[in-house]
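>
Number of protein chains: 4
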Amino acid sequence: MYIYELELKVRDYECDIQGIVNNSVYQNYLEHTRHEFLLDNDVSFEQLHLQGIDAVVARIEMAYKTPLKPGDSFISKLYVAKEGIKYVFHQAIFRKGDNKVCLKAKVEAVVVINGKLSASHPQLDKLIALDASLL
Amino acid sequence: MYIYELELKVRDYECDIQGIVNNSVYQNYLEHTRHEFLLDNDVSFEQLHLQGIDAVVARIEMAYKTPLKPGDSFISKLYVAKEGIKYVFHQAIFRKGDNKVCLKAKVEAVVVINGKLSASHPQLDKLIALDASLL
Amino acid sequence: MYIYELELKVRDYECDIQGIVNNSVYQNYLEHTRHEFLLDNDVSFEQLHLQGIDAVVARIEMAYKTPLKPGDSFISKLYVAKEGIKYVFHQAIFRKGDNKVCLKAKVEAVVVINGKLSASHPQLDKLIALDASLL
Amino acid sequence: MYIYELELKVRDYECDIQGIVNNSVYQNYLEHTRHEFLLDNDVSFEQLHLQGIDAVVARIEMAYKTPLKPGDSFISKLYVAKEGIKYVFHQAIFRKGDNKVCLKAKVEAVVVINGKLSASHPQLDKLIALDASLL
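Chains as they are written, first to last, in the numbering used here: chain A, 1 to 135; chain B, 136 to 270; chain C, 271 to 405; chain D, 406 to 540.
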């Protein structure tokens, strides 16, 4: 199902006084995974922005399952679907080693071109066509 | 409806290359608001943790409405409800000045005592009883 | 000596597994203080950037004295001097209540206009003239 | 001279409105490099902390040379020396590809055991003995 995966490692400064990765940091992991996925498909978030094209997150849902801790490595996976004008990124983070689910997320993005909402963008549309055979 | 509000101001380092507050930073704002709300009601997130009692976020939903920018001040508001064993924080962020909604969020937390899920905790239960007449 | 001061409060997510504010976060406090100081003197870091004028940190020295903890409020102070082409911000952070020094810092910035190093900028030069009688 | 190196990649959320990695983020890179270096030598910052032993940064100097940008990979290097009771980490960050120096830093740490300053710690002392032949 997932068409892209990225291995990352927890950094100690990402952990809070509970000794686990702070909740907000997972959103950093998710964003970094999306942007690396885009780059891997020759789409640069930064270059799009410089052309006046912004992929903007409109809505995000995250379910926290198992906390990541200092020293943990993890695999961040995603696939993307189109729902109306939204590009919906289905993302999950799995702890390396035991493959336990740490986080499940659904991130809805829209395309804004020069400040106006756009129904789609060809560079993003081609990502929908990708399937898991690529992984 | 909201029983607590906190005024904060965007810090430039919280903004990303799109020139707006990065999506993950709103989760920092939401967490800080919840913890200040708790402190305001004599509940310390840190002290609870040192006693082996952790309020853990199980699920979060955020709808991004209007981006905050450098220089913006905003009001972060919340109220809390109980749904089964969950403490559900209903939170929203409003831009100061025009009162425009920037973010709406629903944050579901559970109580974990010495590593075991607990149905409730008296210090948190009393927060449910609060009503908007306090604000 | 200091000509500007800003009161801030530690946010729990800024603390790491040692239970104290993470070292890198003080740099956030220092930057935010400088930018608020600039705004207070009608200089916007963001607006300068949009005009192709960037104040760029070339060098920073920080001495950590007393760690800030969850719940602490603090006063962040600064004054600025000119040394050659450098604008040198002398900054310090004091814990509120007992006025204990938490951090002392020296931040050297230069002005870059359209990518080229500049000897000075009138909007920044006027800040040097300020003295402690303003506080 | 350097005895440890770690390759990392800039994450877009680490960049600010100037379109470059925010100054404070380099301190995250430096800390993560030190902790990975320690782990590589079987010293866990987290485990030490849980035993009441904290390596605490007392002083840091950073010289910013070339800004890192979205998409950049970089190599973070270090070696460590002992000066009196201080463990001094000499660190540098080089942009991958052209090997340009991005940052040079000197980080002075001391060991605090159960809240008291200690002259040294065997697990850290053995790191001094390491030389560049290991790299």
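Positions of the beta carbon are idealized from the N, C-alpha and C atoms, including for glycine.
If we count the other Cβ atoms within 10 Å of its Cβ and call it buried at 16 or more, is M197 (chain B) buried or exposed?
Looking at its Cβ environment, which holds 16 or more other Cβ atoms inside 10 Å, M197 (chain B) is buried.
> Quick one: which chain C residues come within Cβ less than 8 Å of Q432 (chain D)?
Near Q432 (chain D) (Cβ distances below 8 Å), the residues of chain C are N293, S294, Q297.
> Below 8 Å on the Cβ atoms is my contact criterion, and I expect F209 (chain B) with K239 (chain B) to pass it. Report the Cβ-Cβ distance as a whole number of Å.
About 13 Å separates the two Cβ atoms, so there is no contact after all.
> Name the residue from C:E316, C:L394, C:I287 whose alpha carbon lies nearest to the alpha carbon of H184 (chain B).
When only C-alpha atoms are compared, the closest one is C:I287.
> Is the CB-CB distance between D282 (chain C) and E166 (chain B) below 8 Å?
Yes; because the gap between Cβ atoms is below 8 Å, this pair is in contact.
> Considering only residues of the same chain and omitting the five flanking positions on each side of V223 (chain B), which have a CB-CB separation below 6 Å?
Excluding positions up to five away in sequence, the list reads A216, E243.
> Helix, strand or coil: how does DSSP classify V160 (chain B) here?
Residue state, collapsed to three classes: helix.
> Nearest chain C C-beta to P67 (chain A) closer than 8 Å, yes or no?
For P67 (chain A), the answer is no, since every Cβ of chain C falls outside 8 Å of its Cβ.
> Shortest alpha-carbon distance to Y484 (chain D) belongs to which of D:K511, D:Y431, D:F499, D:A524?
That would be D:K511, whose Cα lies nearest to the Cα of Y484 (chain D).
> For Y29 (chain A), which residues from the same chain have a beta carbon less than 7 Å from its beta carbon, with the 5 sequence-adjacent residues on both sides left out?
Taken in chain order, the residues that qualify are L8, S76, I93.
> Measuring alpha carbon to alpha carbon, tell me which residue in B:Q162, B:D177, B:H170 is nearest K261 (chain B).
The residue with the shortest Cα to Cα distance from K261 (chain B) is B:D177.
> Alpha carbon to alpha carbon, how far is I155 (chain B) from S44 (chain A)? Give it in angstroms, no decimals.
Distance between the alpha carbons of S44 (chain A) and I155 (chain B): 18 Å.
> Does DSSP put D530 (chain D) in a helix, in a strand, or in coil?
Looking at D530 (chain D) - three-state DSSP - the assignment turns out to be helix.
> Going by C-alpha to C-alpha distance, which of B:S159, B:I263, B:V236 sits closest to K200 (chain B)?
Per the Cα distances, B:V236.
> Excluding sequence positions up to five away, which residues of its chain have a Cβ less than 7 Å from the Cβ of T438 (chain D)?
Contacts found: L411, S481, L483, Q496.
> Is it buried or exposed, N157 (chain B), if we count other Cβ atoms within 10 angstroms and call 16 or more buried?
That one is buried.
> How far does the alpha helix (DSSP H) with E284 (chain C) in it reach, from first residue to last?
Counting along the chain, E284 (chain C) falls outside any alpha helix (DSSP H), and DSSP gives it neither H nor E.
> Mind pulling the chain D residues with CB within less than 8 Å of H32 (chain A)?
Here the neighbours are R416, D417, Y418.
> Where does L203 (chain B) sit, in a helix, a strand or coil, going by DSSP?
Note: L203 (chain B) maps to coil in three-state DSSP.
> Starting from Q456 (chain D), follow the beta strand (DSSP E) in both directions and report where the run begins and ends.
Premise fails: Q456 (chain D) is in no beta strand (DSSP E) and is neither H nor E.
> Starting from I210 (chain B), trace the beta strand (DSSP E) in both directions and tell me its first and last residue.
Element bounds for I210 (chain B): 208-218.
> Does F37 (chain A) have its Cβ less than 8 Å from a Cβ in chain D?
With 8 Å as the cut-off, F37 (chain A) does not count as an interface residue toward chain D.
> What does the Cβ neighbour count give for I518 (chain D), buried or exposed, with the cut at 16 atoms within 10 Å?
Label assigned to I518 (chain D): exposed.
> Just to confirm before moving on: does the CB-CB distance between V10 (chain A) and P67 (chain A) stay below 8 Å?
No, they are not a contact pair.
> What separation, rounded to the nearest whole angstrom, lies between the Cα atoms of E284 (chain C) and V25 (chain A)?
Roughly 12 Å between the two C-alpha positions.
> Looking only at C-alpha atoms, which of C:Q297, C:D342, C:Q321, C:I398 sits nearest to D368 (chain C)?
Of C:Q297, C:D342, C:Q321, C:I398, the residue nearest in Cα terms is C:D342.
> Classify D459 (chain D): buried if its beta carbon has 16 or more other beta carbons within 10 angstroms, exposed otherwise.
The residue in question, D459 (chain D), is buried, as its Cβ has 16 or more Cβ neighbours within 10 Å.
> Could you tell me whether any Cβ in chain C is nearer than 8 Å to the Cβ of K206 (chain B)?
One point to set straight first is that residue 206 (chain B) is Gly, not Lys, in the sequence displayed. Output row for G206 (chain B): interface = yes.
> Comparing the C-beta of R95 (chain A) with each C-beta of chain B, is any distance below 8 Å?
Not closer than 8 Å to any Cβ of chain B, the Cβ of R95 (chain A) fails to qualify, so no.
> Would you mind telling me which residues of chain A sit closer than 9 Å to E451 (chain D), beta carbon to beta carbon, in chain order?
Residues of chain A passing the Cβ test: D12, C15, G19, K69, P70, G71.
> Do we get a CB-CB distance below 8 Å when we pair V236 (chain B) with the residues of chain A?
Not closer than 8 Å to any Cβ of chain A, the Cβ of V236 (chain B) fails to qualify, so no.
> Name the chain A residues that come within less than 9 Å of V192 (chain B), Cβ to Cβ?
N23, M62, Y64, listed in chain order.
> Can you tell which of A:P122, A:E36, A:V56, A:L124 has its C-alpha closest to the C-alpha of K116 (chain A)?
When only C-alpha atoms are compared, the closest one is A:V56.
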